[in-house]
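Participant: Starting off with a structure, shown below.
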Amino acid sequence: MKTQKQPRISLVKECLELGGTILYPTDTVWGIGCDATNFKAVSKVFELKKRAETKSLIVLVSSIHMLKKYVSVPKRVLQILKETTQPTTIIYQNPKGFAKNAIATDGTIAVRIVQDAFCRKLIKRFQKPIISTSANLSGADTPKSFQEISLPILEGVDYIVNLQSNNAHTKPSTILKVDGNDILVLRA
Numbered sequence: 002m003k004t005q006k007q008p009r010i011s012l013v014k015e016c017l018e019l020g021g022t023i024l025y026p027t028d029t030v031w032g033i034g035c036d037a038t039n040f041k042a043v044s045k046v047f048e049l050k051k052r053a054e055t056k057s058l059i060v061l062v063s064s065i066h067m068l069k070k071y072v073s074v075p076k077r078v079l080q081i082l083k084e085t086t087q088p089t090t091i092i093y094q095n096p097k098g099f100a101k102n103a104i105a106t107d108g109t110i111a112v113r114i115v116q117d118a119f120c121r122k123l124i125k126r127f128q129k130p131i132i133s134t135s136a137n138l139s140g141a142d143t144p145k146s147f148q149e150i151s152l153p154i155l156e157g158v159d160y161i162v163n164l165q166s167n168n169a170h171t172k173p174s175t176i177l178k179v180d181g182n183d184i185l186v187l188r189a
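Take the numbering used here: the final residue in the sequence shown is number 189, and no numbers are missing along the way.
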């Protein structure tokens, strides 16, 4: 586990490129991340969280442009994405380019255009989507701050992004699902 006084995106990017896992703050809660296109890296996240691979993960992208490289985005969804001011995760059908184990068993993927400045900059530099799953063991409470992250998670990741502010993020993202012509609200 490496940690730096100042988060250097080049070091985080290098860890991701090597198939490593990171612990990092997102626009919702602290997350465990990796390259969403790397099967072995995604497997490491499931193993670290002690989570069944049948449970889905969220993926972060930096922009609508990047999103369109991996999923088909209906016009109604584009309008929602342009208007939303809160973190919004959308479940899309028929994803392409992701690691097979990043895709849910029903063939969908949950993707959020990240609003956090650090995450956006990291993903732009990395030029690929990254996994974002809460920094807890499966079944345990989601930590509301860095101080609440359990030791197995802290010791299990390959790199910790040192942005450990006192800010407590307690609200997860809104989750919508594209289902044909309908957009369903799964979590508000």
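All C-beta atoms in this analysis are idealised placements derived from N, C-alpha and C, irrespective of residue type, glycine included.
#1: Between the C-alpha atoms of P96 and I104, what's the straight-line distance to the nearest angstrom?
#2: Can you list, in chain order, the residues of its chain whose CB lies under 7 Å from that of A100, leaving out five sequence neighbours each side?
#3: Under the DSSP definition of a beta bridge, which residues are partnered with K178?
#4: Counting C-beta neighbours from all protein chains within 10 Å, is the total for D28 16 or more, i.e. buried, or is it exposed?
#5: Would you kindly report the start and end of the unbroken beta strand (DSSP E) that includes A100?
#6: Considering I150, what are the terminal residues of the beta strand (DSSP E) in which it resides?
#7: Rounded to a whole number of angstroms, what is the C-alpha to C-alpha distance between K51 and K69?
#8: Taking only heavy atoms of the ligand MG into account, decide whether any of them is closer than 7 Å to the Cβ of L185.
#9: Considering only C-alpha positions, which residue in the set L24, V13, L19 and I91 is nearest to S146?
#10: Could you give the residue range of the beta strand (DSSP E) that holds R113?
#11: With DSSP run on the structure shown, which of helix, strand or coil describes L17?
#12: Got a sec, what are the start and stop residues for the beta strand (DSSP E) S133 sits in?
#13: Between the alpha carbons of N137 and R121, how many angstroms are there, rounded?
#14: Three-state secondary structure (DSSP) at G157?
#15: Around the Cβ of V186, are there at least 16 other Cβ atoms within 10 angstroms (buried) or fewer (exposed)?
#16: Since I believe P130 is in contact with T72 (beta carbons under 8 Å), could you give me their beta-carbon distance rounded to a whole number of angstroms?
Facilitator: In short, the structure shows the following:
#1: By one-based count along the sequence shown, residue 96 stands at place 95. By one-based count along the sequence shown, residue 104 stands at place 103. So the alpha carbons of these two residues sit roughly 8 Å apart.
#2: Stepping through the sequence shown from its first residue, residue 100 is reached at position 99. Taken in chain order, the residues that qualify are A37, T38, N39, F40 and V43.
#3: Along the sequence shown, one-based indexing puts residue 178 at 177. Beta-bridge analysis with DSSP links K178 to I92 and L185.
#4: To locate residue 28, count along the sequence shown from 1; it is residue 27. D28 should be labelled buried.
#5: Looking up residue 100 in the sequence shown gives position 99. Per DSSP, A100 belongs to no beta strand (DSSP E) and is neither H nor E.
#6: Residue 150 sits at position 149 when you count from the first residue of the sequence shown. Note, I150: premise wrong, no beta strand (DSSP E); not H, not E.
#7: By one-based count along the sequence shown, residue 51 stands at place 50. By one-based count along the sequence shown, residue 69 stands at place 68. C-alpha separation (whole angstroms): 31 Å.
#8: In the structure on display, the ligand MG does not appear, and there are no ligands present to speak of.
#9: To locate residue 146, count along the sequence shown from 1; it is residue 145. Of L24, V13, L19 and I91, the residue nearest in Cα terms is L24.
#10: As a working mapping, residue 113 is identified with position 112 in the sequence shown. Residues T109 to I114.
#11: Here the question's residue 17 lines up with position 16 in the sequence shown. L17: helix per DSSP, three-state reduction.
#12: What you label residue 133 is simply residue 132 of the sequence shown in a count that begins at 1. I131 to S135 is the extent of the beta strand (DSSP E) around S133.
#13: As a first step, residue 137 is located in the sequence shown; it is residue number 136 there, counting from the start. As a first step, residue 121 is located in the sequence shown; it is residue number 120 there, counting from the start. Just so you know, the alpha carbons of N137 and R121 end up roughly 22 Å apart.
#14: The residue you call residue 157 lines up with position 156 of the sequence shown. DSSP, reduced to helix, strand and coil, places G157 within a helical segment of the structure shown.
#15: Locating residue 186 in the sequence shown gives position 185, where the first residue counts as 1. A residue is called buried when at least 16 other Cβ atoms come within 10 angstroms of its Cβ; V186 does not meet this threshold and is exposed.
#16: Start at 1 with the first residue of the sequence shown, and residue 72 comes out as number 71. Start at 1 with the first residue of the sequence shown, and residue 130 comes out as number 129. Checking the sequence, you will find Val at residue 72 rather than Thr. The C-beta separation of V72 from P130 comes to about 10 Å, leaving the pair out of contact by the 8 Å criterion.
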